[in-house]
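Numbers given in the working numbering equal positions in the sequence shown, counted from 1, plus 27.
All C-beta atoms in this analysis are idealised placements derived from N, C-alpha and C, irrespective of residue type, glycine included.
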Amino acid sequence: MSDLKTITETLLTGDGEKVAELTQAALDAGLSAKEILNQGLIAGMDIVGARMESGEMFIPEVLMSAQAMGGAVEILKPLLSDEDAAGGGTIVLGTVKGDLHDIGKNLVSMMMESAGFKVVNMGVDIDPDAFIQAIKDNDADILALSALLTTTMPMMAQTIKSIEESGLRDKVKILVGGAPVNQSYADEIGADGYAPDAGSASKLAKALLA
Ligand code: B1M
28 MSDLKTITET LLTGDGEKVA ELTQAALDAG LSAKEILNQG LIAGMDIVGA RMESGEMFIP
88 EVLMSAQAMG GAVEILKPLL SDEDAAGGGT IVLGTVKGDL HDIGKNLVSM MMESAGFKVV
148 NMGVDIDPDA FIQAIKDNDA DILALSALLT TTMPMMAQTI KSIEESGLRD KVKILVGGAP
208 VNQSYADEIG ADGYAPDAGS ASKLAKALLA
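Encoded structure:
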């Protein structure tokens, strides 16, 4: 079995220690952090998602895999830096209210930080008013919203509406992303941009401030 396939298979067992060990071994063997992330870890989480949907895996097992992924991402973090740093700009980032998924959002945070942005990562289940307060407190240039559930996508629209009502809409660019989100939804709710993955989110943030 290839190194990446072993990482994927081990992620499915939820053995965080072993996944971390294999991640380090794959790096030592010369695989890139990006390959390990995309073809080993994210590939594994896709299988976890499919098994969750079909009832083969339950929430506690899914959480163990998610935690194992988090541990491996910590190892890859310093190596996933973007080549051309942006140098400046403050981004308030969070997962919208009602949504507890944070792995993808934390990858976005990491890519943005390594591109030179100051990132205020607010966490998950964030209320529109809390986003508004954070934009004010940090004098943010960009608000980045993540949602992983079709049921929480409308909270992106609600957050944007609240920001409009607060009078801050002209002050911040709004970037949205997450598995169920797409460009046409971003357009529909009046976001300034949509990115399908963490790398392009960081690139788009740079473009929005250029
Ligand atoms: Co959840 N879950 N989950 N879950 N979960 C999904 C999303 C699901 C697709 C699984 C499935 O059924 N196939 C499904 C959603 C279905 C739908 O809405 N259509 C689902 C469900 C139903 C649920 C619950 C409702 C289950 C239940 O309780 N019955 C529940 C909801 C809880 C809540 O949020 N209120 C729930 C709970 C959980 C756990 C807590 C157990 C756990 C989350 C742990 C955590 O995040 N700390 C969990 C997990 C792990 C998943 C799956 C398996 C993996 C998600 C993940 O981390 N992927 C997921 C299935 C899947 O995605 N394959 C699933 C890896 C990550 C790197 O990818 O987050 O997509 P992702 O991020 C990507 C891009 O989307 C993008 O960049 C990243 C890659 O570079 N991106 C952005 C993300 N945010 C961005 C923001 C941007 C730009 C890009 O700009 C701002």
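What three-state label does DSSP hand K233 in the structure shown?
-> helix
State yes or no: is the C-beta of G150 nearer than 7 Å to some heavy atom of the ligand B1M?
-> no
Proximity winner among M149, K188, L172 and L231, relative to N165 (alpha-carbon distances) | M149
DSSP-derived helix/strand/coil call for N209 | coil
Starting from A70, follow the alpha helix (DSSP H) in both directions and report where the run begins and ends.
-> A70 to S81
DSSP state of L64 mapped onto helix, strand, coil = helix
Can Q185 and P207 be called in contact, C-beta distance under 8 Å?
-> no
Which runs of the beta strand (DSSP E) fall wholly inside the segment 95-164 and span at least 3 residues, in chain order?
-> Runs of the beta strand (DSSP E) lying entirely within the segment 95-164, each at least 3 residues long, are 117-122 and 145-148 in chain order.
May I ask whether a heavy atom of the ligand B1M can be found less than 7 Å away from the beta carbon of K132?
-> yes
Buried versus exposed, by CB contacts within 10 Å (16 or more), G115 = exposed
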